[in-house]
Amino acid sequence: MPFGKDSYQSAKTLGYLNSQQALADLAVLIRSLKQNLSSEASPVVVFGGSYGGLLAAWFRLKYPHIAIGALASSAPILQFDKIIPWSSFYDAVSLDFKDVSQNCYEVIKGSWAELVAISTRKQALAELSKAFRTCKSLHSTASVLEWLWTAFVYTAMVNYPTEANFLKPLPAYPVQQMCKIIDKSPSGETKLSRAFAAASLYYNYSQTENCFEVEYEVDPHGLHGWHWQTCTEMVMPMTCSNESMFPPSGFDYKRFAEQCRMKYGVLPRPHWITTEFGGERIEKVLKRFGSNIIFSNGMQDPWSRGGSSPC
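Under my numbering, the very last position in the sequence shown is 347; numbers go up by exactly one each time.
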């Protein structure tokens, strides 16, 4: 993005944030580096994780004359259109918690109904502000749901075997640690209070926060750019099944498209990724055109459901 802090101000500048531009920029950069370093004969292998993993795989497919191979880690290359069930991602998140503790899974699954019940009370926002130790009084119960949801989903995505600081400082195996908090809670605690205690691990493992910013005025995870991409090309329909620990939900494309139009003034292209890079019958595509691509997927990673196994 060539516009610094102004990059996200309008669709005119945001338009440069797309996968094709990123791949073309990388192609130009690699050729320039090889020329400047007098290394024209040096082989190049590209690698990346998550979105970067997608780019690595697509780069090898699109620029095979520049990169001899690719390592695509946690790359949900099959997450588009109707290639895999739309509930796959959240089913995987739920299974991560369920595999650790059935009770943990049941507590989180039941916490949403308790949140809905509280939201009908006259003093709901005051109650939740106190219970969740918010830095400012809440304006919406929906923000509490999103706060909890984010903690559980992101923790599943970074459930590493060692301490890490990728999204936030977290202990080794943070899903297990969350479930330990839930399972060791006093029996009189509500499911919602247990879910809050577990989610607090994600937001305050460092024990430095005296209160929680539940309603963000800024983008704490730097996801504004990704939201733009999901509204233009990276359309990954996701739903929650009855087996999920999250409230059952569907994917309403018309509503999604309208939200994108209201926020960015653009409409999604739901079939563009599979048109540009493929996806259906990906094994045949990789066999014919995509040699030397290693897809690395940890099976506890929620994105692995959309990953490809061929190498």
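From the three backbone atoms N, C-alpha and C, an ideal C-beta is built for every residue, glycine too.
As the structure is a prediction and not an experimental result, all values here were calculated from the model.
Query                                                                                                       : Result
For residue 331: DSSP bridge partner residues                                                               : 108
Separation of residue 293 from residue 110, as counted between CA atoms                                     : 27 angstroms
Range of the contiguous beta strand (DSSP E) that encloses residue 89                                       : It is not in any beta strand (DSSP E) - residue 89 instead sits in the alpha helix (DSSP H) that spans 87–98.
Distance cut-off 6 angstroms: residue 194 Cβ against heavy atoms of the ligand PLP                          : For the structure depicted, the ligand PLP is absent and the ligand set is empty, with no information on it obtainable.
Anticipated Cβ contact below 8 angstroms, residue 54 with residue 268, distance rounded                     : 7 angstroms
Contact between the region 82–99 and the region 107–121 (3+ Cβ pairs under 8 angstroms)                     : yes
C-alpha gap between residue 298 and residue 264, whole angstroms                                            : 12 angstroms
Distance between beta carbons of residue 123 and residue 342, contact taken as under 8 angstroms            : That pair is no contact at about 12 angstroms.
Cβ contact check for the region 93–105 and the region 165–180: 3 or more pairs under 8 angstroms            : no
Pair within 7 angstroms by beta-carbon distance, residue 170 and residue 238                                : no
Rounded straight-line distance, which links the Cα of residue 277 to that of residue 288                    : 15 angstroms
One or two residues paired with residue 285 in a DSSP bridge                                                : 276
Rounded C-alpha distance that separates residue 173 from residue 143                                        : 26 angstroms
Nearest-angstrom Cα separation, counted from residue 157 out to residue 63                                  : 57 angstroms
Residue 81 (DSSP reduced to helix, strand or coil)                                                          : strand
Cross-strand partners of residue 291 (DSSP beta bridge)                                                     : None; residue 291 has no bridge partner.
Host alpha helix (DSSP H) of residue 318 (start-end)                                                        : 318–325
From 320, 291, 301 and 314, residue whose alpha carbon lies closest to that of residue 50                   : 301
CA nearest to the CA of residue 150, picked from 164, 138, 137 and 140                                      : 164
Presumed contact (8 angstroms Cβ cut-off) between residue 197 and residue 339, rounded CB distance          : Not really, about 17 angstroms apart at Cβ, beyond 8 angstroms.
C-alpha distance - residue 259 paired with residue 203, whole-angstrom precision                            : 11 angstroms
Candidates 139, 229, 249 and 206, of which the one nearest residue 175 by Cα                                : 249
Own chain residues within Cβ distance below 7 angstroms of residue 307, not counting five before or after   : 117
Close beta carbons around residue 347, own chain, < 8 angstroms, minus the five adjacent residues each side : Note on residue 347: pLDDT 44, under 50, position unreliable in the model; the coordinate value appears next. Excluding residues within five positions, the ones whose Cβ falls inside 8 angstroms are 329, 330 and 331.
Exposure label - residue 333; buried when at least 16 CB within 10 Å                                        : buried
Backbone CA spacing between residue 286 and residue 273 [nearest angstrom]                                  : 9 angstroms
Those residues which DSSP pairs with residue 206 across a bridge                                            : 200
The alpha helix (DSSP H) enclosing residue 133, as first and last residue numbers                           : 124–136
Contiguous alpha helix (DSSP H) assignments of at least 4 residues, all confined to the region 209–255      : 210–219 and 227–240
Residue from 132, 145 and 194 whose Cα sits closest to the Cα of residue 283                                : 145
Same chain, Cβ closer than 7 angstroms to residue 127, neighbours up to 5 away in sequence not counted      : 277, 279 and 280
Three-state secondary structure (DSSP) of residue 315                                                       : strand
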